[in-house]
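Here is the structure we will look at.
Residue numbers (the working numbering), protein chains in the order written: chain R, 610 to 940; chain V, 478 to 763.
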């Protein structure tokens, strides 16, 4: 794969995009190493899509600079376009056309001859398990199938950089896993992937580095390990039988885990953050806490040990949750 | 969690064939990038897209088949007796004019389809392709040129059935249609502009009507402008539609009216030069 001398697929400095009064992207700095999956994590309206659109030459930045493989996204847009592919948040294929027609159309636009375009689209549909649906209009595809044809269209000419904007939003778990498999296969072949997502576990599964974006700014950046260590390894979620026992349960958790305890809106549930390094320690601590609770006579109906949710990451990083009431922007 | 997220859909992921990681890997490695397509080739490909859309929704040909037939029948019999003594006499004068009027009217659907299409996700993909930028718009218009040709053939057929006999013969008729389709292609850039400028399909339709009705009716399509008041004649005689309809009428009558043809081509060039760049500016900013 062609690599820029610095080894960076994307490099941005102070990227800004304003829509009216709203600063959708308010100074984003990114350095994405080539040949990796880079996760951009953030809630709705954080500025993820706007950032991707600027990098994919769809929007002009109002300030700052962005380079893709060393090419300026504004001044050398054509150079950038010949290296990237975009799979947008909504199907970036023509819903009125069939799967085959979509891929042949794009194949022709990418410079393939009629025969080559047909052949390549046939192979792609086969590899993506869409051979049977090849002659159907995309509007009759299921969500998972749409994602597949969309990604197939993006790798018609193996791109150096693939943008995947929330590729699994709205998919059932099985389709989501299949999309993940595709992303892994793509990156193995040397393509750099910039993945935006609202789900921490998705970034966790796929990305080697993650940038957390909130209100148009990068608020944390690092490897998965670094990011998690900053938040805590996981959370214990408890559901009690009796709401009256909650204060006591909270006290026990505070004592045994030496952790912050959060009382959920549901009067019988509470959450405690556990562990600071690896999940092994978190599990041990959680087991100890359960034992203590049983000894204190607190009846636990349900228990789970989970990774920190995006909400928790956000709370830890910003002090506000993802559903902040003001400044909501849908970009 | 809402109940709807559990509702079964017609095709769940479960029914899909699995993704083949090996063949995918082979495809990714094997893919070598061909040179980018020429401006013309990219435009033709987008024209092919327009034709595929017609193939999937043939009903959209209604406006280039039923509508033109209705126009010919309606105006021939409505005005024929009063204006020229009989419908058969009148159609000799009317047909080239009504052909121009109908086809120019049909062009306004371009704006509507651009407007409904542009918001779709596929445009994000088109705009990230390393291709000649106007090719998307030119593709629309090439697809529409086919529609204009269909409309012209339909109307001429009806006309001949009703007694229209062009003195220019096959060559004259062909030249007339060619000029009309070329002019309409150029004229359509107004609609691509409005399609990108206005926010809803309805407003595109509304503005298009405001432009197209006065422009087509205030012309020499139905009658000779001599009986019109002076101020109106000034407008009508200089309208691009009048020049075009005189040119098409002349060509089909075998007169080869060089002046009117030149005027029509001049207007066509002006439309492309003015509205083409505006369209592309709007398209790049969308």
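We treat Cβ as the ideally placed atom computed from N, Cα and C, and that holds for glycine.
DSSP bridge partner residues for residue i (one or two, in chain order)
i                      : result
residue 676 of chain R : R:620 and R:681
residue 844 of chain R : R:882 and R:915
residue 802 of chain R : R:646 and R:771
residue 849 of chain R : R:909
residue 819 of chain R : R:648 and R:831
residue 628 of chain R : R:631
residue 696 of chain R : R:773
residue 640 of chain R : R:620
residue 496 of chain V : Note: residue 496 of chain V sits in no beta bridge, so no partner.
residue 826 of chain R : R:823
residue 872 of chain R : R:879
residue 746 of chain R : R:707
Sequence-distant residues of the same chain with beta carbon closer than 7 angstroms to residue i, five excluded per side
i                      : result
residue 626 of chain R : 633, 634, 659, 663, 668, 670 and 671
residue 865 of chain R : 897, 898 and 901
residue 656 of chain V : 724, 725, 728, 738 and 741
residue 690 of chain R : 666
residue 711 of chain V : none
residue 636 of chain V : 549, 568 and 572
residue 692 of chain R : 677, 678, 768, 769 and 770
residue 752 of chain R : 779, 780 and 784
residue 755 of chain V : 670
Backbone CA spacing between residue i and residue j [nearest angstrom]
i                      : j                      : result
residue 606 of chain V : residue 599 of chain V : 11 angstroms
residue 597 of chain V : residue 704 of chain V : 50 angstroms
residue 622 of chain R : residue 685 of chain R : 17 angstroms
residue 870 of chain R : residue 876 of chain R : 14 angstroms
residue 679 of chain V : residue 530 of chain V : 21 angstroms
residue 617 of chain R : residue 645 of chain R : 10 angstroms
residue 661 of chain V : residue 792 of chain R : 46 angstroms
residue 782 of chain R : residue 510 of chain V : 34 angstroms
residue 887 of chain R : residue 833 of chain R : Low confidence applies to residue 887 of chain R: its pLDDT is 48, below 50, so where it sits in the model is not reliable, and the reading given next is rough at best. Straight-line Cα distance between these residues: approximately 12 angstroms.
residue 907 of chain R : residue 872 of chain R : 16 angstroms
residue 650 of chain R : residue 575 of chain V : 60 angstroms
residue 442 of chain V : residue 818 of chain R : Residue 442 of chain V lies beyond the stretch modelled for chain V, which goes from 478 to 763, so this question has no answer here.
residue 552 of chain V : residue 713 of chain R : 45 angstroms
residue 837 of chain R : residue 515 of chain V : 50 angstroms
residue 641 of chain R : residue 800 of chain R : 12 angstroms
residue 620 of chain R : residue 661 of chain R : 12 angstroms
residue 723 of chain R : residue 676 of chain V : 36 angstroms
residue 923 of chain R : residue 855 of chain R : 25 angstroms
residue 796 of chain R : residue 502 of chain V : 10 angstroms
residue 629 of chain R : residue 744 of chain R : 43 angstroms
Near the ligand GDP: residue i beta-carbon under 7 angstroms from a heavy atom
i                      : result
residue 646 of chain V : With respect to the ligand GDP, the structure offers nothing, as it holds no ligand at all.
Selection from the options that minimises the alpha carbon distance to residue i
i                      : options                       : result
residue 776 of chain R : R:767, R:763, R:883 and R:729 : R:763
residue 716 of chain R : V:530, V:512, V:638 and V:585 : V:512
residue 669 of chain V : V:647, V:590 and V:640        : V:590
residue 534 of chain V : R:649, R:639, R:704 and R:696 : R:704
residue 845 of chain R : R:825, R:816, R:882 and R:834 : R:882
residue 499 of chain V : R:794, R:804 and R:657        : R:794
residue 879 of chain R : R:772, R:851, R:893 and R:906 : R:851
residue 815 of chain R : R:786, R:912 and R:744        : R:786
residue 733 of chain V : V:653, V:701 and V:610        : V:653
residue 711 of chain R : R:755, R:923, R:809 and R:826 : R:755
residue 611 of chain V : V:522, V:731, V:707 and V:681 : V:522
Close Cβ partners of residue i (< 8 angstroms) along its chain, the five nearest in sequence each way excluded
i                      : result
residue 541 of chain V : 583, 624, 625, 627, 628 and 631
residue 674 of chain V : 759
residue 828 of chain R : 821, 822, 926 and 927
Beta-carbon proximity list for residue i, same chain, < 6 angstroms, skipping 5 on both sides
i                      : result
residue 689 of chain V : 582 and 585
residue 753 of chain V : 666
residue 524 of chain V : 616, 619 and 620
residue 695 of chain R : 665 and 772
residue 748 of chain R : 704
Subject >> Near-chain R residues of the region 622 to 654 of chain V (beta-carbon distance less than 9 angstroms), N- to C-terminal order >> reply: none
Subject >> Against chain R: residues of the region 684 to 709 of chain V by CB proximity under 8 angstroms >> reply: none
Original post:
When you check each C-beta in the region 717 to 747 of chain R against every C-beta of chain V, which residues fall closer than 9 angstroms?
Top reply: 717, 718, 719, 720, 721, 722, 725, 729, 732, 733, 735, 736, 737, 738, 739, 740, 741, 742 and 746
Subject >> Residues in the region 495 to 521 of chain V having any Cβ partner in chain R nearer than 7 angstroms >> reply: 495, 496, 497, 498, 500, 501, 502, 504, 505, 506, 508, 510, 511, 512, 513, 514 and 519
Original post:
Between the region 791 to 802 of chain R and chain V, which residues of the former have CB atoms less than 9 angstroms from a CB of the latter, in chain order?
Top reply: 791, 793, 794, 795, 797, 798, 799 and 800
Subject >> Residues, ordered as in the chain, of the region 764 to 790 of chain R that lie near chain V by beta-carbon distance below 8 angstroms >> reply: 764, 765, 766, 767, 780, 781, 783, 784, 787 and 790
Subject >> Interface positions of the region 662 to 678 of chain V facing chain R (Cβ-Cβ less than 9 angstroms), listed along the chain >> reply: none
Original post:
If contact means a Cβ-Cβ distance below 8 angstroms, which residues of the region 632 to 661 of chain R contact chain V?
Top reply: none
Original post:
Listed in chain order, which residues of the region 802 to 818 of chain R have Cβ atoms closer than 8 angstroms to some Cβ of chain V?
Top reply: none
**OP:** Could you run through the region 526 to 558 of chain V and flag, in chain order, every residue whose CB is less than 8 angstroms away from some CB of chain R?
**Re:** 526, 529, 530, 533 and 534
**OP:** May I ask you to list, following chain order, the residues of the region 598 to 614 of chain V that have a beta carbon less than 9 angstroms from some beta carbon of chain R?
**Re:** 598, 599, 600, 601, 602, 603, 604, 605, 606, 607, 608 and 612
**OP:** Select from the region 846 to 866 of chain R all residues with a C-beta closer than 8 angstroms to any C-beta belonging to chain V, and list them in chain order.
**Re:** none
Original post:
Taking Cβ-Cβ distances below 8 angstroms as the criterion, which residues of the region 613 to 627 of chain R are in contact with chain V?
Top reply: none
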